[in-house]
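Just below is one structure, and these are the notes that go with it.
There are 2 protein chains.
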Amino acid sequence: MNIGEIAKRAGVSRSTVSYALSGKRPVSTATAQRINDVIDELGYRPNASARALAEGRTRTLGLVIPPASARLTDVQLAFVASVVEAAAVHDHDVLLSPSGGDHDRSFERIVTGRRVDGVILMEILLQDPRVDRLTSADLPFVTIGHVEDPAASWWVDVDYAGLISRCVRHLADLGHQDVVLINRSDELVAAGYGPALRATTAFTTTAEECGINAHTVCCADEPAAGQACFEEIRTRWPDVTAAVTINEAALPGVQRALHRAGLDVPRDFSLTGVIADRLAEDFHPPLTAGDVPAVEMARMAVDLLLGQIGDESATPRHSMLAPPITLRSSTGARRRA
Amino acid sequence: MNIGEIAKRAGVSRSTVSYALSGKRPVSTATAQRINDVIDELGYRPNASARALAEGRTRTLGLVIPPASARLTDVQLAFVASVVEAAAVHDHDVLLSPSGGDHDRSFERIVTGRRVDGVILMEILLQDPRVDRLTSADLPFVTIGHVEDPAASWWVDVDYAGLISRCVRHLADLGHQDVVLINRSDELVAAGYGPALRATTAFTTTAEECGINAHTVCCADEPAAGQACFEEIRTRWPDVTAAVTINEAALPGVQRALHRAGLDVPRDFSLTGVIADRLAEDFHPPLTAGDVPAVEMARMAVDLLLGQIGDESATPRHSMLAPPITLRSSTGARRRA
DNA sequence: ATTCATTTTCGAAACGTTTCGAGGCCTCTT
DNA sequence: AAGAGGCCTCGAAACGTTTCGAAAATGAAT
Numbered sequence: 001m002n003i004g005e006i007a008k009r010a011g012v013s014r015s016t017v018s019y020a021l022s023g024k025r026p027v028s029t030a031t032a033q034r035i036n037d038v039i040d041e042l043g044y045r046p047n048a049s050a051r052a053l054a055e056g057r058t059r060t061l062g063l064v065i066p067p068a069s070a071r072l073t074d075v076q077l078a079f080v081a082s083v084v085e086a087a088a089v090h091d092h093d094v095l096l097s098p099s100g101g102d103h104d105r106s107f108e109r110i111v112t113g114r115r116v117d118g119v120i121l122m123e124i125l126l127q128d129p130r131v132d133r134l135t136s137a138d139l140p141f142v143t144i145g146h147v148e149d150p151a152a153s154w155w156v157d158v159d160y161a162g163l164i165s166r167c168v169r170h171l172a173d174l175g176h177q178d179v180v181l182i183n184r185s186d187e188l189v190a191a192g193y194g195p196a197l198r199a200t201t202a203f204t205t206t207a208e209e210c211g212i213n214a215h216t217v218c219c220a221d222e223p224a225a226g227q228a229c230f231e232e233i234r235t236r237w238p239d240v241t242a243a244v245t246i247n248e249a250a251l252p253g254v255q256r257a258l259h260r261a262g263l264d265v266p267r268d269f270s271l272t273g274v275i276a277d278r279l280a281e282d283f284h285p286p287l288t289a290g291d292v293p294a295v296e297m298a299r300m301a302v303d304l305l306l307g308q309i310g311d312e313s314a315t316p317r318h319s320m321l322a323p324p325i326t327l328r329s330s331t332g333a334r335r336r337a
Numbered sequence: 001m002n003i004g005e006i007a008k009r010a011g012v013s014r015s016t017v018s019y020a021l022s023g024k025r026p027v028s029t030a031t032a033q034r035i036n037d038v039i040d041e042l043g044y045r046p047n048a049s050a051r052a053l054a055e056g057r058t059r060t061l062g063l064v065i066p067p068a069s070a071r072l073t074d075v076q077l078a079f080v081a082s083v084v085e086a087a088a089v090h091d092h093d094v095l096l097s098p099s100g101g102d103h104d105r106s107f108e109r110i111v112t113g114r115r116v117d118g119v120i121l122m123e124i125l126l127q128d129p130r131v132d133r134l135t136s137a138d139l140p141f142v143t144i145g146h147v148e149d150p151a152a153s154w155w156v157d158v159d160y161a162g163l164i165s166r167c168v169r170h171l172a173d174l175g176h177q178d179v180v181l182i183n184r185s186d187e188l189v190a191a192g193y194g195p196a197l198r199a200t201t202a203f204t205t206t207a208e209e210c211g212i213n214a215h216t217v218c219c220a221d222e223p224a225a226g227q228a229c230f231e232e233i234r235t236r237w238p239d240v241t242a243a244v245t246i247n248e249a250a251l252p253g254v255q256r257a258l259h260r261a262g263l264d265v266p267r268d269f270s271l272t273g274v275i276a277d278r279l280a281e282d283f284h285p286p287l288t289a290g291d292v293p294a295v296e297m298a299r300m301a302v303d304l305l306l307g308q309i310g311d312e313s314a315t316p317r318h319s320m321l322a323p324p325i326t327l328r329s330s331t332g333a334r335r336r337a
């Protein structure tokens with residue numbers, strides 16, 4: 001069941017089997033044939049631990065996910081699955097690690113136990129202790145979202161600012177005068193969650209440029225909060241006729257609140273933002289929105305990470321994805337009161 | 001950075017460091033102290049691959065998930081996250097492997113490369129080739145859902161039959177005469193997906209016992225299908241006044257269809273089934289439903305698996321969870337026409 | 001036949017642990 | 001004072017690979 005057994009049966013040395021398997025040195029076709037026959041017959045596969053030990057690499061990537069306590073959103077979920085698939089394409093496996101809460105042991109085990117060749121960090125904060133930890137451990141990593149000095153690190157990100165900006169212009173073009181941004185949770189904003197901050201800035205700046213009134217509100221990542229949030233918006237700023245959101249988890253609640261208030265989308269109220277396309281299409285009516293391209297992000301993150309692992313001295317690369325805004329039917333001209 | 005370095009600095013042999021770390025043999029408090037100091041100072045952690053090689057176990061569990069192409073449902077997602085957390089409690093990591101589609105290489109790599117100590121199989125079919133593969137590879141595994149001979153294998157399952165049965169009785173008690181089961185997709189049923197089959201049987205049998213009319217319909221796992229499905233129900237069986245579902249992914253579409261048809265829940269139509277509690281509570285109105293206890297299932301699956309790994313000759317254990325049906329507000333007395 | 005270059009194969013070391021058997025050093029007993 | 005028994009510690013082997021340097025085999029050219 002080990003390489004020695006194969007060697008014995010094929011009448012060669014262990015190293016020859018190894019070379020036949022890896023192709024790192026030529027092996028005569030005759031012996032290669034013999035070795036392959038034995039391997040097929042016995043269904044042999046090299047022991048991953050031994051190989052990792054000898055090679056100094058595990059062919060495994062770490063994926064640090066938000067803790068289960070924080071409900072994963074649809075995009076995050078799609079992202080996890082896509083990372084696994086993208087890694088599989090390159091014959092790599094994915095080790096999951098929750099973070100935050102009391103799961104630091106898991107993170108630490110992965111980082112310092114040399115269990116993985118590199119790490120993908122989701123839901124990164126502007127100042128993130130995990131980034132420091134990975135840097136000091138000298139472990140290659142790619143973040144989803146970028147940190148303070150964009151040029152100095154490897155990351156993939158979505159151009160939230162540009163996307164939000166275009167949403168606002170779109171609404172302004174349709175004649176809306178009072179718009180609101182439904183952001184993600186207070187805590188995330190306070191913790192320095194990049195997309196939330198950039199969305200806010202882009203939102204207010206663009207609104208100002210367009211000469212329209214902008215309001216902002218934070219909302220926990222769950223339907224009930226979305227509903228409460230929207231009701232609050234209606235009472236605080238009754239003139240608001242359109243909303244931009246980056247909080248997809250809250251959407252069902254927003255939809256409910258719209259319905260309760262007797263508002264028809266897009267006749268009475270326009271809704272847009274940055275939303276996974278599947279979710280946008282499932283909405284009623286389908287949402288005009290910038291799609292978060294989870295599959296593509298996952299692919300890029302894996303490619304970047306493998307590139308970094310392959311060449312430790314490579315200069316940091318990154319990519320800012322600017323998905324298009326897909327026009328569906330949730331935005332319309334402001335109705336003159 | 002390796003155990004030899006620690007040993008040198010502490011002035012002891014490598015084995016002593018190992019024993020100090022594992023506690024498998026006593027070490028004098030003085031040397032233990034010295035060793036710990038050095039370890040803390042250098043931030044040393046044993047190399048996971050080397051340890052796995054020597055110990056013959058990886059302290060890693062494999063989790064085989066449905067392929068990303070099939071959209072993961074909310075419960076599945078919660079389950080994955082919970083498995084990771086449950087494993088973390090026991091200082092184990094989780095390796096993800098997609099299955100189905102063209103991902104057999106990934107599954108094979110995990111199984112035969114001895115990368116994991118055991119496997120948890122999600123979304124199992126009544127006749128599942130992966131089960132055979134794991135059995136022949138002599139790798140411990142636990143399935144979510146059970147196979148043909150329940151006593152012969154390790155599994156965790158939800159008592160779909162009992163749950164569905166109680167839902168039907170509940171509806172019958174409320175006076176409903178014509179009920180429908182919204183099942184999962186045609187393909188899953190055809191492939192022999194246990195829960196779908198058991199739900200169907202329990203549904204029709206119980207309805208018969210109660211003397212009410214039962215209809216069954218399959219529905220793809222997505223909102224659009226749910227909507228189409230419900231509309232079809234209305235035209236084919238206009239007398240139906242209540243539905244039982246195990247297809248949570250389709251729920252948003254069902255809700256939309258209900259609304260479009262001008263049906264109020266629970267006044268005009270009752271809705272219940274087996275649904276993750278979070279989803280049930282987010283529904284409007286909150287659904288009376290049997291909660292799929294994803295967190296508990298994950299915990300049990302991990303416990304069973306670790307038990308099996310710890311004692312290879314243990315006799316198979318399993319547990320059938322029978323979550324209670326939580327009465328919320330989506331079911332009501334049939335309105336006399 | 002000898003040399004030389006090439007192709008193919010081998011043996012040994014290395015990767016970083018764990019674990020087993022044995023040896024050293026106390027202290028207690030006789 | 002010598003032996004017995006405990007406690008600590010050590011050295012060496014083992015886990016299953018990869019990889020390096022060198023040896024053996026082959027074939028061509030002198």
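Order-wise, the sequence lines are chains A and B.
Be aware that the first sequence starts at 1, since it is given in the UniProt record's numbering, and climbs by one per residue.
Be aware that the second sequence starts at 1, since it is given in the UniProt record's numbering, and climbs by one per residue.
A virtual CB, placed ideally from N, CA and C, is assigned to each residue, including glycine.
Annotation note: the stretch 40-108 of chain B contains the following uninterrupted beta strand (DSSP E) runs of length 3 or greater, listed N- to C-terminal: 60-65 and 93-98. Annotation note: the UniProt region "Disordered" (315-337) of chain B contains the following uninterrupted beta strand (DSSP E) runs of length 3 or greater, listed N- to C-terminal: 318-321. If you compare the alpha carbons of B:Leu263, B:Val265 and B:Val292 with that of Ile275 of chain B, the shortest gap goes to B:Val292.
As a beta-bridge residue in DSSP terms, Gly273 of chain B pairs with B:Thr245 and B:Ala289.
Residue pairing by DSSP places Leu125 of chain A opposite A:Tyr193 in a beta bridge. Taken atom to atom, the span from the alpha-carbon of Asp311 of chain A to that of Glu248 of chain B is near 45 Å. In chain order, Leu174 and Gly175 place their CB closer than 6 Å to the CB of Ala333 of chain B, counting only its own chain and leaving out the 5 sequence neighbours on each side. Counting every other CB atom within 10 Å of its CB across the protein chains shown gives Thr60 of chain B a total of 16 or more, marking it as buried.
Within the UniProt domain "HTH cro/C1-type" (5-45) of chain A, the complete alpha helix (DSSP H) runs of at least 4 residues fall at 14-22 and 29-42.
The straight-line gap separating the alpha-carbon atoms of Ser153 of chain B and Leu306 of chain B is approximately 14 Å. Under the 10 Å beta carbon count, Thr331 of chain B is surrounded by 16 or more other beta carbons and is classified as buried. In this structure, the alpha-carbon of His284 of chain B lies about 25 Å from that of Ala196 of chain B. Assignment of Asp264 of chain A by DSSP, reduced to helix, strand and coil, places it in the coil class. A residue is called buried when at least 16 other Cβ atoms come within 10 angstroms of its Cβ; Asp117 of chain A meets this threshold and is buried. Bounds of the beta strand (DSSP E) holding Asp178 of chain B are Asp178 to Ile182.
Assignment of beta-bridge partners to Thr235 of chain A by DSSP yields no partner. Taken through DSSP and simplified to helix, strand or coil, His215 of chain A comes out as strand.
Nearest neighbour of Ala207 of chain A by Cα position, chosen from A:Gly113, A:Ala220 and A:Leu171, turns out to be A:Leu171.
Listed in chain order, the alpha helix (DSSP H) runs fully inside the stretch 121-167 of chain A are 129-137, counting runs of at least 4 residues.
With its beta carbon less than 7 Å from one in chain A, Gly113 of chain B belongs to the interface. Across the stretch 78-89 of chain B, CB contacts with chain A closer than 9 Å involve Ala78, Val80, Ala81, Ser82, Val83, Val84, Glu85, Ala87 and Ala88, in sequence order along the chain. Taking the beta carbon of Leu258 of chain A as reference, no residue of chain B falls within 8 Å; the closest one sits roughly 12 Å away. Taking CB atoms only, Ser270 of chain B has no neighbour in chain A less than 7 Å away. Annotation: Cβ neighbours of Val94 of chain A in chain B (cutoff 9 Å, chain order): Leu95, Leu96 and Ser97.
At a cut-off of 7 Å between beta carbons, Ala228 of chain A makes no contact with chain B.
Separation of the CB atoms of Thr272 of chain A and Ile182 of chain A is rounded to 11 Å, and the pair is thereby denied contact status at 8 Å. For the pair Ala10 of chain B and Val38 of chain B, the CB atoms are nearer than the 7 Å cut-off.
For Leu134 of chain A and Leu258 of chain B, the gap between their C-alpha atoms comes out near 51 Å. The beta carbon of Val189 of chain A sits closer than 8 Å to the beta carbons of Asn183, Ala196, Leu197, Thr200 and Cys218 from its chain, once the five residues preceding and following it are set aside; these are given in chain order. Straight across, the Cα-Cα distance linking Asp132 of chain B with Pro67 of chain B is about 19 Å. Looking from the CA of Arg115 of chain B, the closest CA among B:Gly43, B:Ala202, B:Ser106 and B:Thr73 belongs to B:Ser106.
Classified as exposed, Met1 of chain A has fewer than 16 neighbouring CB atoms from the shown chains inside 10 Å of its CB. The stretch 286-305 of chain B makes contact with the stretch 138-156 of chain B; the number of CB pairs closer than 8 Å reaches 3 or more. In summary, the residues of the stretch 280-299 of chain B whose CB is separated from some CB of chain A by less than 7 Å are Asp282 and His284, in the order they occur in the chain. For the options B:Ala151, B:Leu125, B:Asp138 and B:Pro238, the alpha carbon positioned closest to that of Ile144 of chain B is the one of B:Leu125.
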